[in-house]
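Heads up, the thing below is written out as structure tokens.
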Amino acid sequence: METVTTDIIRNGTQQVVNVINQHTSSHSKPIKSSFVLSNLPPVKFQGKRSTCWVFSTIFQLEYAYNKDLSNKYISLNEQAYAIDAVEACKADDYKGCPKKRFDYSTNTGYPQFLWRYSSLSNKVLPESICEYQTNKDNEWKCDGKEQAQKTNALKFDVKSIATFRTIEELKEAVKQGPVSLVLVLVQGQYIIQVDNKDNILGKIPGAEIKECPENSNLCVYIPSERITNDGEYIIPERANNRYGYHVVTIVGYNDNYITKDNTCGAFIIRDSTDDTLVYGSHSYQYLKGEHSEWDERTLCANVYNPLGWDSCVYMNPGPTGDSKVVKYDLKATCLNEKYIKENVLNTRKPTEFKCINSDFCDTTKRYFISSTSRSQHSSYLFTITFLEVNPNNTDEQKEITFTDFPLDSYNKFIQPIDSQIELIQTNTTFCGYRSLPYIVLDKISMAKTQDSYYGVQFNIEWDKQSYPNNGEFDYSQILKSIHEFPEYKGFLGPEPYQVRYED
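Residues are numbered in the numbering used here as their position in the sequence shown, beginning at 1, plus a constant of 381.
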């Protein structure tokens, strides 16, 4: 039997301490984080053209240039770059380009053109040379381009190009700078079981009622939009046919972001796709989690998002039945113009709606929300009950319920009234950012399409002559295209109009 000595006790104690330290170290992983690049200028939009690849490429050039500016940013010319990149592709006899001789257009391209064609290194121009044309009919219009390029001071060198194909690689890469993400677009679907072929869901544009995929019951198949009213990329049920690709720019990520799939984690992307009745967007500050949803409505209200619609009717615990005749005294609330105006201005939420499709509602009536609830079948489906009011006799009222409708379908038949949209609309300087959940990238990968997604990042070095007063050039156009960053004041409290009183 071993005698217990002081040394043994001391050594044993040290071993215990070592084990504890080792255990603590192995379990002290960093808390899930969020990150976003600093000094992000306002987002620019592509309009009705498929020039997403141009906007993402130009932003990588701008971001690299801005590193040597002090609290300012340059805006470069997407219109000129699109023309020159396609011309370079044509001069190379379309080798390595997704072009056909009969499809000579700026509507198709890739960020990699910047690396492939070194002739572009002194052709990028300031924004002020010519306006970006939002319509395809004017895709080749850029008056003054050739003359400006003869004396162009802007010059850069793409030192290297890197490609990333996993979520973790993309997260590491964005810490160094923006990443152009080439994203395959696949058609998602909502699949909802219905009782008969006359179900109202079948009237949604693009919907089809047929046999369910897993049994002989009837289901309605509704194509989903790729972006929600809340600015989130989605694929709700299954990823089917590939129908193109899109290029966005990753500028950050938030591992704590809760998606419509109730999963965690999303990239924060800078997206040149315009906001529409269906596509919403946010500020990157909100997507990173720096301020609340309430605060965000003063920056990016997303008035067409049904989850941001308010009720001026006394809220019910739930729908009371389709077309049930009811009667509310609305004079003090919904029909009180002063009250409604103050409420809408304060909450940034619309309270009255108009019918725009007689297949679903009455275009002559006024509509107010009575209740909203999420479907028990899917997190993408919502049931909304509206109070329908006859404008000529406000005592004539009834409730109409739309059960288990996809959230992005409501704007196809009912929308906020124009006067309230005008009250809510804000300066959208900070909008244009969207969330791209990790789960969506996983679903795209499961669709088994070639190169379902990948990121491209350039190591760009700008020549000193590109900056004002560094050569015998006319820098007037460059100076016109350099701007002050818009001031983001943040929020003092949890409400948009919270005021802090100090002695």
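Just so you know, even glycine gets a beta-carbon here, dropped at the ideal spot from N, CA and C. In this text the structure is predicted, and so the values were computed from the model without any measurement.
If you run the structure through DSSP and keep just helix, strand and coil, what is Q801?
Three-state result, Q801: helix.
From S499 to T432, what distance separates their C-alpha atoms?
Rounded to the nearest angstrom, the gap between the Cα atoms of S499 and T432 is 20 Å.
On the DSSP letters alone, give me the boundaries of the alpha helix (DSSP H) that C433 sits inside.
C433 to N447 is the extent of the alpha helix (DSSP H) around C433.
Terminal residues of the continuous beta strand (DSSP E) containing D465?
First-last for D465: E459 to A472, but that is the alpha helix (DSSP H), not the beta strand (DSSP E).
Just how far apart, CA to CA, sit D449 and D844?
Approximately 11 Å, taken between the alpha carbons.
Taking buried to mean at least 16 other C-beta atoms within 10 Å of its own C-beta, is E592 buried or exposed?
Counting of Cβ neighbours within 10 angstroms places E592 among the exposed residues, the total staying below 16.
Curious, which full-length beta strand (DSSP E) runs of at least 3 residues does the segment 705–751 contain?
List check, beta strand (DSSP E) in window: 734–736.
Beta-carbon spacing of P797, F734 below 9 Å:
Yes. Within cutoff.
For V770, the nearest candidate out of I590, C715 and V555 (CA to CA):
Taking only the C-alpha atoms, the option nearest V770 is C715.
Going residue by residue through the segment 785–870, where are the continuous alpha helix (DSSP H) segments of at least 4 residues, counting only ones entirely within it?
As far as the segment 785–870 is concerned, its whole alpha helix (DSSP H) runs of at least 4 residues are 799–805, 819–827 and 857–861.
What does a CB cutoff of less than 6 Å around S692 pick up in its chain, not counting 5 residues either side in sequence?
Cβ within range, chain order: I750.
Measuring CB atoms only, is the segment 816–827 touching the segment 634–647, in the sense that at least three cross pairs come out at less than 8 Å?
Pairwise C-beta distances place the segment 816–827 in contact with the segment 634–647, as three or more of them are shorter than 8 Å.
For E613, which residues does DSSP report across the bridge?
Bridge partners of E613 according to DSSP: S816.
Residue burial classification, N452 (beta-carbon count within 10 angstroms, cutoff 16):
Under this definition N452 is an exposed residue.
Cβ separation of K526 and A466, assumed to be a contact under 8 Å, to the nearest whole Å:
Between A466 and K526 the Cβ distance is about 13 Å, and since that is not below 8 Å, they are no contact.
In chain order, what residues of the same chain have a beta carbon less than 6 Å from the beta carbon of R729, not counting five sequence neighbours either side?
R678, A682 and I805, listed in sequence order.
Just verifying my parser: in three-state terms, what is the DSSP assignment at K504?
Judged by DSSP in its simplified three-state form, K504 adopts coil rather than helix or strand.
For the alpha helix (DSSP H) containing A339, list its first residue and its last residue.
Since the first residue of the chain shown is 382 and the last is 884, residue 339 is not available in this structure.
Can you give the Cα-Cα distance for I859 and A647, rounded to whole angstroms?
So the alpha carbons of these two residues sit roughly 36 Å apart.
Where does the unbroken beta strand (DSSP E) through K669 begin, and where does it stop?
Where K669 is concerned, there is no enclosing beta strand (DSSP E), although the alpha helix (DSSP H) it sits in stretches over Y665 to K669.
How about L506 and L564: do their beta carbons lie closer than 9 Å?
No, they are not a contact pair.
Over the uninterrupted beta strand (DSSP E) stretch that includes D636, give me the two end residues.
Its beta strand (DSSP E) spans residues R623 to I639.
Based on Cα-Cα distance, which residue from L566, P586, N503 and H663 lies nearest to T810?
When only C-alpha atoms are compared, the closest one is H663.
Between which two residues does the beta strand (DSSP E) harbouring R651 extend?
Residues C645 to R651.
Per DSSP, what kind of secondary structure is R497 in: helix, strand or coil?
DSSP places R497 in helix when its eight states are reduced to three.
Using a threshold of 9 Å, state whether the C-beta atoms of T644 and P559 are closer than that.
Their beta carbons are not under 9 Å apart, which means T644 does not touch P559 by this criterion.
Measure the alpha-carbon distance for E606 versus W434 and round it to whole angstroms.
Straight across, the Cα-Cα distance linking E606 with W434 is about 21 Å.
Can you give the beta carbon distance from R546 to I650, rounded, assuming they're within the 8 Å contact cut?
Contact flag wrong, Cβ pair sits at about 17 Å.
Residue burial classification, H627 (beta-carbon count within 10 angstroms, cutoff 16):
That one is buried.
Note down, one range per segment and in chain order, each beta strand (DSSP E) of at least 3 residues found wholly within the segment 532–599.
The qualifying runs are 537–545, 560–567, 570–575 and 589–592.
Would you kindly report the start and end of the unbroken alpha helix (DSSP H) that includes E677?
E674 to E677 is the span of the alpha helix (DSSP H), which, as asked, contains E677.
Whole-number beta carbon distance between I581 and S862, since they are thought to touch under 8 Å
Contact between S862 and I581 fails: their C-beta atoms lie close to 52 Å from each other, not under 8 Å.
Return the Cβ separation of Q427 and T654 in integer angstroms, given the expectation that the two are a contact with Cβ distance under 8 Å.
Q427 to T654, Cβ: 7 Å. Contact.
Beta strand (DSSP E) containing T764: first to last residue?
Note, T764: beta strand (DSSP E), L762 to N771.
Do C523 and I464 have their C-beta atoms within less than 9 Å of each other?
Taking a C-beta distance under 9 Å as the contact criterion, C523 and I464 qualify as a contact pair.
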